[in-house]
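**Q** Right, I'll just put the structure down here and ask away after.
Numbering (my numbering), first residue to last: 1 to 338.
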């Protein structure tokens, strides 16, 4: 197949093995590979390669296993296996020694595959394993320092705001030095909230100051006061029935036009603006339509010029193609007429 070998091992990607393979213009049948023990056809031994064979220059007969001095002497020799001593040739597949060797090789290959699979699975599990969080206990010196602190100092530290500039104070310990309780430790969440509350209470503006600033910033507008209604009294004369009595009537007069402020006249300005905008839009549409017609006309002219320029070349090409055909047709007609 390749060189002097009759078989070759091909590795496919995936679990599907095709039945046939095309190589170098030939179709070859494929079978699942089963590892076998190495068999040397020169010395008829099992388990070594040709490059390490000690009898490379002394071939043996595959039937009787004797050294070949003359091929004519081994035409009718008796079959004798050199490996198991059975009544068959050394290259026979049914040899027990050869079967045992093939079985051992397959077992070793299977164990190797299992080991590789286990190692791959272990590496994948280690890569996907979550990180461990190291929970280290606090140092004894820090715990003792917090216990020794008096309640007065604790109360004083709680009332004092320690958030200068918005950053917390931290303490670092170097290796090789004795652990010392830091002077300023990080405040607890309760201490931080209490200090923030104190700061806000000191910096909180009063309500009257806010009201004054708002009233100063906004101009004062006096609300319109309601107009007083005028009352008129009138005395009436005797009634049609003949009885006379004074009757008072209150007449509410409506406000005159002079008392009511005139409304701003904006309708005319709005209508004038809309009319001017409509006129501008109409002009723009007319200009766009004119430009579109000009563009279409220029495109048509360019296409027409291009076609006129290509007509001579097309005619020459057609003549060049048709002339040999016409000549051959004329020759055929001439020959047919003769």
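Glycine included, C-beta positions come from ideal geometry on N, C-alpha and C.
Small disclaimer: the values here were computed from a predicted structure and weren't measured.
Specify whether the stretch 90-106 and the stretch 35-52 touch according to this definition: at least 3 beta carbon pairs, one from each stretch, less than 8 angstroms apart.
**A** yes
**Q** I'd like to know if the stretch 109-122 and the stretch 83-99 are in contact, where contact means that at least 3 CB-CB pairs between them fall below 8 angstroms.
**A** no
**Q** Would you say residue 54 and residue 60 are within 8 angstroms of each other, going by their C-beta atoms?
**A** no
**Q** Looking at C-alpha atoms only, which residue of 44, 50, 10 is the closest neighbour of residue 33?
**A** Of the listed residues, the one whose Cα sits closest to residue 33 is 10.
**Q** Give me the Cβ distance between residue 80 and residue 64, rounded to the nearest whole Å; I'm assuming they're in contact under 8 angstroms.
**A** That pair is a contact at about 5 angstroms.
**Q** Under the three-state reduction of DSSP, which class applies to residue 16: helix, strand or coil?
**A** coil
**Q** For residue 114, does the three-state DSSP call read helix, strand or coil?
**A** helix
**Q** How far does the beta strand (DSSP E) with residue 26 in it reach, from first residue to last?
**A** 26-29
**Q** From the DSSP output, which residues share a beta bridge with residue 92?
**A** Residue pairing by DSSP places residue 92 opposite no residue, since no beta bridge is assigned to it.
**Q** Identify the residues that DSSP records as bridge partners of residue 46: which are they?
**A** 39
**Q** Helix, strand or coil, according to DSSP, for residue 305 in the structure here?
**A** helix
**Q** Taking all protein chains shown into account, do 16 or more other C-beta atoms lie within 10 angstroms of the C-beta of residue 245, making it buried, or fewer, making it exposed?
**A** With a pLDDT of only 41 at residue 245, under 50, the local geometry of the prediction cannot be trusted, and the value read off the model is given with reservation. The residue in question, residue 245, is exposed, as its Cβ has fewer than 16 Cβ neighbours within 10 Å.
**Q** What distance in whole Å lies between the Cβ atoms of residue 62 and residue 89, which are believed to be in contact at a cut-off of 8 angstroms?
**A** Between residue 89 and residue 62 the beta-carbon gap is near 5 angstroms, inside 8 angstroms, which marks them as a contact.
**Q** Please state if the CB of residue 17 and the CB of residue 30 are separated by a distance shorter than 8 angstroms.
**A** yes
**Q** Quick one, which of 12, 41, 13 has its alpha-carbon nearest residue 5's?
**A** Ranked by Cα distance from residue 5, the options 12, 41, 13 are led by 41.
**Q** Quick check: what's the CA-CA separation for residue 57 versus residue 117?
**A** 43 angstroms
**Q** How should residue 310 be labelled, buried or exposed, when 16 other C-beta atoms within 10 angstroms of its C-beta is the threshold for buried?
**A** Counting the other CB atoms within 10 Å of its CB gives residue 310 a total below 16, which places it among the exposed residues.
**Q** Per DSSP, what kind of secondary structure is residue 318 in: helix, strand or coil?
**A** helix
**Q** Give the secondary structure of residue 331 by DSSP, where H, G and I count as helix, E and B as strand, and everything else as coil.
**A** helix
**Q** Going by DSSP in three states, residue 102 sits in which element: helix, strand or coil?
**A** helix
**Q** Applying the criterion that 16 or more other CB atoms from any shown protein chain within 10 Å of the CB defines a buried residue, is residue 77 buried or exposed?
**A** exposed
**Q** Return the residue from the list 13, 15, 14, 8 that minimises the CA-CA distance to residue 23.
**A** Check the Cα spacing between residue 23 and each of 13, 15, 14, 8: the tightest is with 8.
**Q** For residue 319 and residue 13, what's the separation of their Cα atoms in angstroms?
**A** 59 angstroms
**Q** Could you tell me whether any non-hydrogen atom of the ligand ZN is closer than 7 angstroms to the CB of residue 18?
**A** As far as ligands go, the structure on display features none, and thus does not contain the ligand ZN.
**Q** Helix, strand or coil for residue 51 per DSSP?
**A** In the three-state reduction of the DSSP assignment, residue 51 falls in the coil class.
**Q** Just to confirm, are residue 44 and residue 69 a CB contact at a threshold of 8 angstroms?
**A** no
**Q** Under the rule that 16 or more other beta-carbon atoms within 10 Å means buried, what is residue 284, buried or exposed?
**A** exposed
**Q** What residues in its chain sit with their C-beta under 8 angstroms from that of residue 19, if we drop five residues either side in the sequence?
**A** 29, 30
**Q** What three-state label does DSSP hand residue 80 in the structure shown?
**A** Residue 80 carries a coil assignment under DSSP once its states are collapsed to helix, strand and coil.
**Q** Using the DSSP secondary-structure output, state which residues sit across from residue 287 in a beta bridge.
**A** Beta-bridge pairing links residue 287 to no other residue.
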